[in-house]
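Structure first, then comments.
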Amino acid sequence: AAERWFTRLHGNDELDVWLISWVPDRSTELHDHGGSLGALTVVSGALRETRWDGTALRERRLVAGDQAAFPLGWVHDVVWAPDTVTTGGLAARSVGRTAPPTLSVHAYSPPLTAM
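Quick note: to get my numbering, add 1 to the position in the sequence shown (first position is 1).
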């Protein structure tokens with residue numbers, strides 16, 4: 002299976018910016034960002050974010066160009082979410098596991114110290 006990768010694009014005492022790849026069957030699992038605020042932009046592909054709102058899990062799909070912010074205490078899981086097509090009432094991945102990874106840019110302030 003392909004591996005997720007990430008690289009730090011910028012970092013100083015106030016801000017970290019990361020480029021992250023997303024591949025099938027790799028999840029971040031539910032996490033928060035410690036004492037940091039965060040935001041992401043999907044550069045290519047799509048992601049599915051599942052977050053805990055304090056009473057239930059909520060889900061949203063983010064596609065290329067979408068942006069999302071996460072305040073202090075935001076608990077979420079992020080995974081690769083390929084396009085789907087519906088045929089005869091059944092949803093199937095239109096691109097299968099040969100799709101390129103999704104790419105997203107993430108910013109955290111202050112820089113992450115825990116997750």
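Yeah, the Cβ is synthetic: ideal placement off N, Cα and C, and Gly gets one too.
Bear in mind that the values here come from a model prediction, so they are computed numbers and not experimental data.
Query                                                                                                                          : Result
Cβ pair Pro102, Ser22 closer than 9 angstroms                                                                                  : yes
Spatial neighbours of Ala82 in its chain, beta-carbon cut-off 7 angstroms, leaving aside the 5 residues before and after       : Ala47, Leu48, Arg49, Arg62
Nearest residue (CA-CA) to Arg52, options Arg5, Phe71, Pro25                                                                   : Phe71
Neighbourhood of Leu41 by C-beta distance below 6 angstroms, restricted to the same chain and skipping five residues each side : Ala69, Ser105, His107
Cα-Cα separation, Ser45 to Thr56                                                                                               : 31 angstroms
Unbroken stretches of the alpha helix (DSSP H), 4 residues or longer, contained in the region 47-81                            : none
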